Amino acid sequence: MIPEYKLFHGAAICALIDQSPYEISIGPMSTDGRLGFYVVNRRVGLYIKHSTARLTPWPFAFSHQNIGQLRELDDCCAVVFVALVCGSNGIVCLELSELRTVAAFRDEEQPWLRVARRPGSMFSVSGNLGSLGSKKRDGFADIFGHSAWNVNSSPNL
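The sequence shown runs 0 to 156 under numbering that gives the first Met the number 0.
What follows is the structure, given as structure tokens:
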């Protein structure tokens with residue numbers, strides 16, 4: 000049987016490939032045998048979390064293990080993005096620096112996020128530190144403007 004998280008992660012990886020103007024290579028990073036964080040094109044960290052909730056808002060919590068994995072990606076990659084798979088509704092992608100503005104990653108607290116979306120609109124993201132100043136579109140299209148993608152990559156024509 001396929002573990003549920005692999006279905007959600009597969010959806011995120013397919014969306015990343017479909018929406019990318021660049022050729023994509025993906026390698027896993029795993030310290031405990033469970034995947035969830037990846038290195039894309041040897042420079043870009045991708046951390047995938049999912050919520051199985053069917054309806055908005057979608058909750059996301061980050062364990063100490065998750066925080067360690069994010070730090071590991073941050074140490075080895077030029078930039079880290081966190082993809083939040085919101086049930087079957089869509090995917091919100093945040094740069095790690097954006098995530099840190101809305102969720103506390105101190106040792107004494109467990110960071111959490113809440114993602115909400117009205118029908119036909121963009122996603123809003125809030126966490127235990129407050130709300131993200133701007134709404135996010137569905138998918139990965141917004142992340143490809145980051146300079147980390149432009150090194151040794153050429154757009155697919």
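Built from N, CA and C at the ideal position, the CB exists for glycine as well. Treat the numbers as computed from the prediction; the structure is a model and nothing was measured.
The Cβ neighbour count for I1, taken over all protein chains shown within 10 Å, is under 16; the residue is labelled exposed. At the C-beta level, V43 and F80 come within 8 Å of one another. Annotation: L98 is outside any beta strand (DSSP E); the continuous alpha helix (DSSP H) that includes it extends over L95 to V101. Taking 8 Å as the cut-off, the Cβ atoms of L69 and T100 do not count as close. Shown here, I142 sits in a helix according to DSSP, grouped into three states. In the pairwise beta carbon analysis, the segment 54-74 is classified as not touching the segment 132-150: fewer than three pairs are separated by under 8 Å. Measuring C-alpha to C-alpha distances from A82 to each of S19, K5 and L15 identifies L15 as the nearest. It is roughly 16 Å from the alpha-carbon of N127 to the alpha-carbon of N65.
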